[in-house]
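Just so you know, the numbering used here puts 153 at position 142 of the sequence shown, and the rest follows in order with no gaps. Cβ atoms here follow ideal geometry from the backbone N, Cα and C, with glycine treated the same way. Computed from a predicted structure; not experimentally measured. A short write-up of the structure that comes next.
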Amino acid sequence: MQFDATTAVITGTGSSLPEHSLSNDDIITAGNLQTTDDWIRTRTGIAHRRRIIPGQATSDLATAAGAAAIASAGTPSVDMVLLATTTPDHPCPATAPHIAHRLGLGTVPAFDVAAVCSGFLYALATATALIRGGLSRTCLVIGADTYSTIINPNDRDTAALFGDGAGATVLSRGILTAPGAIQAIDLGSDGSGHDLINIPAGGSRHPQHQPPPEPTSHFFHMRGREVYARAVRHMTDSAHRVLTRANWSPETTRAFIGHQANQRILDSVADRLGLPTEHRFGNIARLGNTAAASIPLVLADPTVHQALNPGDRTLLTAFGGGLTWASIALTWPSATPHTKSPESSCKTAPTPTHQARSQTPWTPS
Numbered sequence: 012m013q014f015d016a017t018t019a020v021i022t023g024t025g026s027s028l029p030e031h032s033l034s035n036d037d038i039i040t041a042g043n044l045q046t047t048d049d050w051i052r053t054r055t056g057i058a059h060r061r062r063i064i065p066g067q068a069t070s071d072l073a074t075a076a077g078a079a080a081i082a083s084a085g086t087p088s089v090d091m092v093l094l095a096t097t098t099p100d101h102p103c104p105a106t107a108p109h110i111a112h113r114l115g116l117g118t119v120p121a122f123d124v125a126a127v128c129s130g131f132l133y134a135l136a137t138a139t140a141l142i143r144g145g146l147s148r149t150c151l152v153i154g155a156d157t158y159s160t161i162i163n164p165n166d167r168d169t170a171a172l173f174g175d176g177a178g179a180t181v182l183s184r185g186i187l188t189a190p191g192a193i194q195a196i197d198l199g200s201d202g203s204g205h206d207l208i209n210i211p212a213g214g215s216r217h218p219q220h221q222p223p224p225e226p227t228s229h230f231f232h233m234r235g236r237e238v239y240a241r242a243v244r245h246m247t248d249s250a251h252r253v254l255t256r257a258n259w260s261p262e263t264t265r266a267f268i269g270h271q272a273n274q275r276i277l278d279s280v281a282d283r284l285g286l287p288t289e290h291r292f293g294n295i296a297r298l299g300n301t302a303a304a305s306i307p308l309v310l311a312d313p314t315v316h317q318a319l320n321p322g323d324r325t326l327l328t329a330f331g332g333g334l335t336w337a338s339i340a341l342t343w344p345s346a347t348p349h350t351k352s353p354e355s356s357c358k359t360a361p362t363p364t365h366q367a368r369s370q371t372p373w374t375p376s
């Protein structure tokens, strides 16, 4: 998908992270894992990760990140909310409407997007289509996950990988030449690999009230070696397609931001695309794999903003369960990122504007 002169533009970025940080040694000790700090760093690139504390949930991080993105955009409100997550507060209802309520956004449309670690890019693509189609003028897109709530702490294959966090962007209708403009999108899936990344029990296939197939079936499972190979292939192919649609060459791409799953995967994809090390940006070493939150957290990272200029060509790519993959070409936004702690999200929510919106409905030009 390539766009004409009108598209969606990132006008604000925000983030929220739990205060509680765990080192590799902390994870190893807690789960009695048969591994070492050096093994985890060498195989994954991860040294630390953040985790929520009892009483916190995905919506707490997502609300704070959303408030931060709205403050970054300098807009009094937004007219739609999309949340990409695999760890909603409840199986039912969706979490996005609760976030919209906590942010004081009234009765705006709000819904969750489930594409696992590709979820944020799927949500970004959906918001872009809604803005271009005239159904939204300013859309809040959040990626938030608390994988600590679904990970088996004794599973050597997954316990050390994941961290909790939330990142958000505000998208507004704008022109293709503006900093932050979405230039091209590529999406894909392959359901034949649905069992490579999954939580076997808890859905309609194996309901909660029935005995689970295995004692650990309610935890997150991943077949790492098979996922590694498919992730590298699909992220590389998808990135090539989106660069072609944007009419960009790898040589002119200034920033590469991949889903922060594994440093070796990120390096393999970037090497295949011919992208130099200095153009690769991420946070996996200090935050781990934050799932749907990983890409928006990099987009809202102040150190990344210091290294890039508004308008720099930027490539985003991700791979997740489903199987799903996605890539987006955009120009680097000019917005200054904001961050908020989850505890302060309700206190700093914007003033409700739904009454004014209902009195003067917006119609697309």
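Using a Cβ distance threshold of 8 Å, T325 and A250 do not count as a contacting pair. In the three-state DSSP reduction, F131 falls in the helix class (H, G or I).
Secondary structure note for G25: its beta strand (DSSP E) is the uninterrupted segment T17 to S27. Between the C-alpha atoms of H217 and T227 there is a straight-line separation of about 13 Å. Comparing C-alpha distances from I64 to each of V152, L132, R275 and G174 shows the shortest one belongs to G174. When V119, V309, L72 and A84 are compared, the shortest CA-CA separation from D100 is found for L72.
By alpha-carbon distance to I196, the top candidate from G42, R167, A138 and A107 is A138. Under the three-pair Cβ rule at 8 Å, the segment 324-344 counts as touching the segment 199-208. Annotation: the continuous beta strand (DSSP E) that includes R61 extends over H59 to R61.
In its chain, beyond the 5 residues on either side, G56, I57 and A58 have a beta carbon closer than 7 Å to the beta carbon of A296. Between H245 and T169, the alpha-carbon positions lie close to 22 Å from each other.
When the beta-carbon positions are compared, G178 and P307 come within less than 8 Å of each other.
Fully contained in the segment 279-328 are the following alpha helix (DSSP H) runs of length 4 or more, in chain order: 295-298, 305-310 and 313-318. Contact annotation: S345 and P313 have beta-carbon atoms that are not nearer than 8 Å. Annotated three-state conformation of Q274 is helix, per DSSP. For D197, the pairing in a beta bridge is given by DSSP as S338.
Apart from sequence neighbours up to five positions away, the residues of its chain that approach I51 with a beta-carbon distance below 7 Å are N35, I57 and A171, ordered along the chain. The DSSP-derived three-state label of N35 is helix.
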